[in-house]
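Numbering (my numbering), first residue to last: 118 to 514.
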């Protein structure tokens with residue numbers, strides 16, 4: 118009975134998330150704010166490893182392939198495994214041919230993530246992003262859809278990593294563009310912000326929490342994720358500091374904190390099961406045992422994020438419906454002002470001929486001093502005495 122109830126909940130959750138995704142695909146996200154989870158952090162924060170652990174698909178952690186556009190990761194539970202790659206054109210793409218070209222980019226012929234780096238590179242080329250260090254970023258969204266029997270019901274948006282020093286690959290213009298892109302997503306009041314913090318770096322120089330606070334001052338839609346806890350020296354002051362973070366004692370977040378122990382450079386080829394086993398062992402030793410189990414490890418994070426996103430969508434659904442209805446009403450008013458549709462060439466020619474005929478009639482009346490058309494605002498209805506007074510006023514001025 119319990120398994121049946123759980124299956125029903127997962128089915129309802131999947132349907133709800135799919136509907137939100139459909140709204141995003143048809144462009145509603147450009148008109149109203151849609152509920153979503155966004156993954157933010159510095160370039161060295163371990164964002165890719167977090168996505169990799171959640172999805173069990175290898176994202177290129179040490180590459181600039183994914184640094185120039187947002188990546189939407191859609192995870193859905195399904196008996197068979199499948200991965201599909203596509204591009205959703207951004208609002209700045211006005212040319213319909215360009216939009217069709219981007220939407221035609223699809224890959225659904227593979228069932229694992231080993232080819233993902235190459236596919237991401239091809240997607241970048243399709244968007245027109247070159248390797249030039251200051252060639253700019255794109256507001257197009259790369260969509261990675263992953264189905265599998267063990268996948269959680271989740272949709273996340275991975276944003277380019279924040280950085281503040283230039284290099285051969287990344288120029289000063291990129292700093293501004295990544296900042297603006299991150300703030301654009303954070304500004305959405307329906308975004309849940311997953312702020313990824315690297316425990317190996319001083320948290321004071323990781324600006325993601327300060328940036329999140331600007332758009333979420335009450336800290337009600339920010340979840341902190343601490344990565345690389347294994348890099349901290351046991352029983353050190355820095356370890357104690359991050360333990361206080363995860364216990365929600367240092368910076369209080371209403372959604373709380375979570376800790377993950379991901380693969381290191383030397384263990385990046387280990388299996389997903391081995392990665393999870395090493396993580397469990399790590400959090401069951403030393404001072405890490407003092408943390409609540411729901412705040413550590415990838416299994417609990419998957420469940421936690423699924424619950425957060427589902428509750429967030431449910432809470433925002435009424436206002437989302439109102440927003441969409443208002444936008445529909447606005448568009449209907451604009452459409453009504455355009456008059457009847459003129460879909461055929463004959464209808465379009467007839468419409469233009471009626472405009473030219475009206476123009477000819479109005480100019481003819483103006484030249485002959487006959488102001489009968491309503492265009493003149495009743496000018497032809499005045500008496501000769503009124504015209505005389507108007508003429509006298511014109512001379513007087």
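Just so you know, even glycine gets a beta-carbon here, dropped at the ideal spot from N, CA and C.
Taking 4 residues as the shortest admissible run, the stretch 308-365 contains the following complete alpha helix (DSSP H) segments, listed from N- to C-terminal end: 325-332 and 354-363. Counting C-beta pairs with one atom in each stretch, the stretch 435-448 and the stretch 387-402 have fewer than three that are closer than 8 Å, which means they do not touch. Contact annotation: the stretch 186-193 does not touch the stretch 210-225, with fewer than three C-beta pairs closer than 8 Å. In this structure, DSSP gives residue 159 an extended state, which the three-state scheme calls strand. Spanning the alpha carbons of residue 375 and residue 412 requires a straight line of approximately 5 Å. Every alpha helix (DSSP H) of 4 residues or more that sits fully in the stretch 371-428 is shown, in chain order, as 389-400. In the DSSP assignment, residue 481 falls within the alpha helix (DSSP H) that extends over 462-485. If only complete runs of 4 or more residues are kept, the stretch 181-222 shows the alpha helix (DSSP H) at 213-220, in order along the chain. Residue environment for residue 492: exposed (fewer than 16 other C-beta atoms within 10 angstroms of its C-beta). Taking 8 Å as the cut-off, the Cβ atoms of residue 342 and residue 312 count as close.
Residue state for residue 143 is assigned as coil, using DSSP reduced to three classes. Counting other Cβ atoms within 10 Å of its Cβ, residue 345 reaches 16 or more and is therefore classed as buried.
In this structure residue 257 is buried. Its beta-carbon is surrounded by 16 or more other beta-carbon atoms within 10 angstroms. Closest in alpha carbon position to residue 400, among 388, 417, 384 and 385, is 417.
The C-alpha of residue 235 lies about 13 Å from the C-alpha of residue 261. Within the same chain, 283 come within 6 Å of residue 289 by CB-CB distance, once the 5 residues on both sides are set aside.
Distance from the CA of residue 456 to the CA of residue 449, rounded to the nearest whole angstrom, comes to 11 Å.
Here DSSP, grouped into helix, strand and coil, assigns residue 174 to coil.
Looking from the CA of residue 153, the closest CA among 166, 164 and 135 belongs to 135. Counting the other CB atoms within 10 Å of its CB gives residue 143 a total below 16, which places it among the exposed residues.
Counting C-beta atoms within 10 angstroms of its own C-beta, residue 333 has 16 or more neighbours from the protein chains shown and is therefore classed as buried.
DSSP, reduced to helix, strand and coil, places residue 298 within a helical segment of the structure shown. The Cβ atoms of residue 278 and residue 160 lie closer than 8 Å to each other. In terms of Cα proximity to residue 157, the closest of 327, 425 and 465 is 327. Counting along the chain, residue 265 sits inside the beta strand (DSSP E) bounded by residues 258-265. At a Cβ-Cβ threshold of 8 Å, residue 223 and residue 201 count as neighbours. The beta carbons of residue 422 and residue 307 sit no closer together than 8 Å. Look at residue 279 here: in three-state DSSP terms it is strand. Straight across, the Cα-Cα distance linking residue 267 with residue 377 is about 19 Å.
With a threshold of 16 other beta carbon atoms within 10 Å, residue 462 falls short and is exposed. When the beta-carbon positions are compared, residue 174 and residue 263 come within less than 8 Å of each other. Here residue 274 really is in contact with residue 155; their C-beta atoms are around 5 Å apart, less than 8 Å. Nearest to residue 294 by C-alpha distance, out of 272, 255 and 265, is 255. C-alpha of residue 464 to C-alpha of residue 137: approximately 38 Å in a straight line. In the three-state DSSP reduction, residue 437 falls in the helix class (H, G or I). When DSSP states are grouped into helix, strand and coil, residue 452 belongs to the helix group.
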